[in-house]
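This report refers to the structure that appears directly beneath it.
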Amino acid sequence: MRALQKLLAGAACFGIVFSLGCGGGSSTSSTSTTNTTPPPNTIASAAANVAPITVNTGPLPAPNLYANGAFVNVTLCVPGTSTCQTIGEVLVDTGSFGLRIVSPQALTLSLPQQNASDGNPMVECLQFLDSYTWGPVQTADIQIGGEKASAVPIQVLSDTDYAVPDSCSNPSGGSSADTVQNLGANGILGIGQLPQDCGVNITCPAIANQYYSCASATATCTPVAVAVAQQVQNPVSLFTTDNNGVIIELPAVSGAEATVSGSLVFGIGTESNNGLGSATVYTSDPSTLNFTTSFNGTNYSDAAFIDSGSNGYFFNDSSIATCPSSVDFFCPSSTLSLSATTQGFTTGTGTVSFSVANADTLFTQGPNDAAFGGLAGPASTPPAPAFFDWGLPFFYGRNVYTAIEGATAPGGTPPYWAY
Amino acid sequence: MFGTTSIPKGQTLSIKTKMFLVGSVFVVGTSFPAWAALGGDIASVQADQFHMQGTRRVTAAAAYTVHEIQGASGTGVREYVSSEGKVFAVAWQGPYLPDMRQLLGSSFEQYAQAAKAQRSTRMRRGPRLIEEPGLSVEMSGHPRSFSGRAYIPGMLPQGVLAEDIR
């Protein structure tokens with residue numbers, strides 16, 4: 003029943019964005035606003051609830067250097083044992099939920115397989131915007147910084163352990179993210195606003211084509227319904243303490259930097275180093291995990307999100323040229339200072355100033371650099387279905403709180419962002 | 005055009021649809037399997053409805069009809085059908101991506117090849133915009149909230165603009 007409610011909520015949002023969300027766009031030139039330089043953000047030093055973050059170019063050599071990828075180390079252990087492996091270059095992603103590690107390129111540990119209700123191995127397909135991840139659900143004890151969670155269902159990324167069904171590969175047109183080469187990382191640490199990757203406390207329905215039962219490596223896998231506890235879990239939710247959300251703390255980046263160091267802080271208002279402080283809480287729509295952004299005359303109502311896994315700002319502005327070389331990024335003739343307003347689903351309003359630099363120039367002048375403060379690119383043009391995507395540059399110079407739905411956190415009812 | 009307020013959760017899709025599109029609205033209850041969607045004929049819409057285990061609602065605009073399928077997964081699809089009975093555009097919205105092979109029909113392979121070729125600079129992760137001869141595909145969002153559209157530019161009925169597809 004709760005599953006049905008969730009689906010109906012999703013159906014209501016279908017109407018919102020199609021008919022309302024993207025009305026009235028104008029193509030007037032982008033406006034500059036007065037830019038008062040905010041004081042530098044404070045980045046937490048080493049503590050039990052802190053894991054170091056590094057923005058670097060990732061595990062691959064050129065030409066596949068990652069831009070604006072934030073990475074952490076994650077330690078996985080066979081549950082209940084001290085047989086462990088620490089894996090670096092795991093992408094910090096506030097836009098997904100749960101830990102996914104590429105195997106066997108990164109993960110060589112042999113972990114216990116989780117089974118579907120019919121007794122066959124359970125395998126997951128998760129759809130990202132431009133690719134799918136596929137592979138068996140296994141359990142591991144997880145340690146990140148000083149925080150631990152036991153017997154956490156994770157996804158082991160592999161297109162070869164079990165045959166990829168068409169229903170998994172079709173949405174992305176067969177674009178797999180299951181190798182380090184394709185992913186540009188050893189794995190994805192999904193620490194977004196949900197405790198599980200199919201929703202909050204709902205049985206994941208078979209029709210979602212998200213969990214499958216696979217009788218053998220070559221059998222045709224069939225979609226199955228999966229109970230909450232068996233779904234891939236946001237490991238933060240399963241920490242014994244500091245489990246209501248995270249803070250990503252990165253320094254400001256103007257122009258380009260070779261690497262950037264920051265902190266991934268666990269918990270919100272649970273320790274002396276993770277209070278809300280002066281941050282404003284912006285709630286998100288629990289059914290879509292979106293909030294609202296107004297930019298350049300267009301109101302992205304319930305169609306904007308903050309995502310450390312997007313490596314730029316992505317939005318529509320027909321007045322900004324796209325790059326001749328780095329297509330799909332913006333190349334203004336000089337760096338633009340822009341402004342947008344963000345509004346929470348139920349609470350929170352504020353203005354965000356941001357800059358858009360010439361991506362071709364950034365990449366030419368910093369061919370081996372990893373962090374680019376003004377990296378941005380085009381998105382769909384409203385009134386077509388469109389989003390305003392606040393990617394990793396949004397996090398530079400700003401401590402961004404992500405509170406998990408169903409948890410208790412100060413300043414508001416999760417799911418929320420605060421900054 | 006309806007301002008910035010959010011729709012209460014309980015409000016139904018049909019009310020918004022009625023506000024939004026001129027013409028009659030009726031629900032199609034039964035469906036029969038067939039194949040193809042984008043670029044296909046109207047029978048292919050029934051195939052999509054069958055595939056999505058969904059309900060279908062049809063609205064008529066000046067130069068086309070919109071078949072709106074609400075899938076059992078929570079993801080909805082709108083299929084734009086010309087007066088000649090051809091599907092010239094599709095759009096979607098919901099927590100899961102639709103089956104693009106089903107939705108794009110004979111354009112799927114072109115989409116898949118363009119998507120794989122689109123491995124762009126510096127591991128770009130953002131919305132997917134594909135502009136191919138004879139096919140435009142835009143995909144936006146994130147897990148739990150996807151939206152997008154696809155259309156065949158040469159098949160848009162006279163007077164219909166890309167911005168009408170949403």
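The listed protein sequences correspond, in order, to chains A and B.
Just so you know, the first sequence maps onto residues 3 to 421 in our numbering.
Just so you know, the second sequence maps onto residues 5 to 170 in our numbering.
Just so you know, even glycine gets a beta-carbon here, dropped at the ideal spot from N, CA and C.
For clarity, every value in this text was computed on a predicted model and none was experimentally measured.
- [ ] Have a look at the DSSP bridge pairing and note the partners of MET143/B.
- [x] Bridge partners of MET143/B: ARG132/B, GLY152/B.
- [ ] Let me know the secondary structure DSSP gives ALA187/A once reduced to three states.
- [x] Residue state, collapsed to three classes: coil.
Task: Distance between beta carbons of SER174/A and TYR214/A, contact taken as under 8 Å - done: About 16 Å separates the two Cβ atoms, so there is no contact after all.
- [ ] Out of ALA67/B, GLN50/B, ILE169/B, point me to the one whose CA is closest to GLY109/B's CA.
- [x] Closest by alpha carbon: GLN50/B.
Task: Beta-ladder partner(s) of CYS206/A, from DSSP - done: Paired residue(s): VAL228/A.
Task: Where VAL19/A sits in the DSSP three-state scheme - done: A caution first: VAL19/A carries a pLDDT of 36, below 50, which makes its placement in the model too unreliable to give a value.
Open item on the list: Between ASP319/A, SER274/A, PHE390/A, which has its C-alpha nearest THR294/A's C-alpha?
Closed with: Nearest of ASP319/A, SER274/A, PHE390/A to THR294/A, Cα basis: PHE390/A.
Task: Contacts of PHE130/A in chain B (Cβ-Cβ under 7 Å) - done: Under the 7 Å cutoff, chain B gives PRO147.
Open item on the list: Taking the straight line between their C-alpha atoms, what separation do you get for THR242/A and PRO326/A?
Closed with: Those two C-alpha atoms are separated by around 50 Å.
TODO: Could you tell me if ASP52/B is buried or exposed, where buried requires 16 or more neighbouring beta carbons within 10 angstroms of its beta carbon?
DONE: Under this definition ASP52/B is a buried residue.
Open item on the list: Give me the residue from PRO380/A, ALA229/A, ASN66/A, ILE209/A with the minimum Cα distance to PRO99/B.
Closed with: For PRO99/B, the closest C-alpha among the options PRO380/A, ALA229/A, ASN66/A, ILE209/A is that of ILE209/A.
Open item on the list: Going by the DSSP bridge assignment, what does GLU149/A pair with across the sheet?
Closed with: According to DSSP, GLU149/A bridges with ILE146/A.
Task: Residues in the stretch 284-313 of chain A having any Cβ partner in chain B nearer than 9 Å - done: Result list: ASP287, SER289, THR290, LEU291, ASN292, THR294, SER296, ASN301, SER303, ASP304, ALA305, PHE307, ASP309, GLY311, SER312, ASN313.
TODO: Please confirm if the stretch 82-92 of chain B is in contact with the stretch 60-68 of chain B, defined as three or more CB-CB distances below 8 Å between the two stretches.
DONE: Remark: three or more beta-carbon pairs, one from each stretch, lie closer than 8 Å, so the stretch 82-92 of chain B and the stretch 60-68 of chain B are flagged as touching.
Task: Which listed residue (ILE103/A, ALA361/A, ALA48/A) has its alpha carbon closest to that of ALA323/A - done: Nearest of ILE103/A, ALA361/A, ALA48/A to ALA323/A, Cα basis: ALA361/A.
Task: Rounded separation between LEU179/B and ARG102/A - CA only - done: Lying outside 5 to 170, the shown extent of chain B, residue 179/B is not represented and no answer is given.
Open item on the list: Check this for me: beta carbons of PRO237/A and ILE146/A, under 8 Å apart or not?
Closed with: Yes. Within cutoff.
Open item on the list: What are the residues in the stretch 158-190 of chain A lying within 8 Å of chain B by C-beta distance?
Closed with: ASP168, SER169, ASN172, PRO173, SER174, GLY175, GLY176, SER177, GLY186: these are the residues of the stretch 158-190 of chain A whose beta carbon lies less than 8 Å from some beta carbon of chain B, given in chain order.
Open item on the list: DSSP has PHE307/A in a bridge; who is on the other side?
Closed with: Paired residues: ASP391/A.
Task: Rounded C-alpha distance that separates ALA305/A from THR83/A - done: So the alpha carbons of these two residues sit roughly 44 Å apart.
Open item on the list: Below 8 Å on C-beta distance, what does MET143/B contact in chain A?
Closed with: At a C-beta separation below 8 Å, MET143/B has these neighbours in chain A: LEU131, ASP132.
TODO: Check the C-beta distance from THR222/A over to PRO167/A and give it rounded, since I have them as a contact under 8 Å.
DONE: Indeed, because the Cβ distance is near 7 Å, the residues count as touching under 8 Å.
Open item on the list: For LEU240/A, report the span of its alpha helix (DSSP H) as first-last.
Closed with: Residues 237-240.
Open item on the list: I'd like to know if the stretch 157-166 of chain A and the stretch 123-142 of chain A are in contact, where contact means that at least 3 CB-CB pairs between them fall below 8 Å.
Closed with: Enough Cβ pairs lie closer than 8 Å, so yes.
Task: Same chain, Cβ closer than 7 Å to ARG105/B, five either side skipped, listed in chain order - done: Around ARG105/B: PHE112.
Open item on the list: Pull the bridge partners of ALA95/B from the DSSP assignment, please.
Closed with: Beta-bridge partners assigned by DSSP to ALA95/B: ARG82/B, ARG153/B.
- [ ] At 3 residues or longer, and completely inside the stretch 248-326 of chain A: list those beta strand (DSSP E) runs for me, N to C.
- [x] Listed in chain order, the complete beta strand (DSSP E) runs (minimum 3 residues) inside the stretch 248-326 of chain A are 262-268, 283-285, 293-297, 300-308, 315-317.
- [ ] Report yes or no: is there a C-beta of chain B within less than 8 Å of the C-beta of SER265/A?
- [x] Judged by the 8 Å Cβ criterion, SER265/A is not in contact with chain B.
Open item on the list: Closer than 8 Å between beta carbons: that is the criterion. Which residues of the stretch 205-222 of chain A meet it against chain B?
Closed with: Of all residues in the stretch 205-222 of chain A, those with a C-beta nearer than 8 Å to a C-beta of chain B are PRO207, ILE209, ALA210, ASN211, GLN212, reading in chain order.
TODO: Over the uninterrupted beta strand (DSSP E) stretch that includes ALA53/A, give me the two end residues.
DONE: The continuous beta strand (DSSP E) containing ALA53/A extends over residues 52-58.
- [ ] Leaving aside the five residues before and after GLN115/A along the sequence, list all residues of the same chain whose C-beta is less than 7 Å from its C-beta, in chain order.
- [x] Only PRO123, PRO138, GLN140 meet the Cβ criterion.
Open item on the list: Just to confirm, is the Cβ distance from GLY71/A to ASN313/A under 8 Å?
Closed with: A distance below 8 Å separates the beta carbons of GLY71/A and ASN313/A.
Task: Which residues DSSP lists as bridging ILE193/A, in chain order - done: Its beta-bridge partners are PHE99/A.
Open item on the list: Strictly under 8 Å for the Cβ-Cβ distance: is LYS90/B near chain A by that measure?
Closed with: With 8 Å as the cut-off, LYS90/B does not count as an interface residue toward chain A.
Open item on the list: I'd like to know whether the C-beta of TYR100/B is nearer than 8 Å to at least one C-beta of chain A.
Closed with: Yes, contact with chain A.
TODO: Please check if any C-beta of chain A sits within less than 8 Å of the C-beta of GLU184/B.
DONE: The structure shown does not extend to residue 184/B, since chain B is modelled only from 5 to 170, so the question has no answer here.
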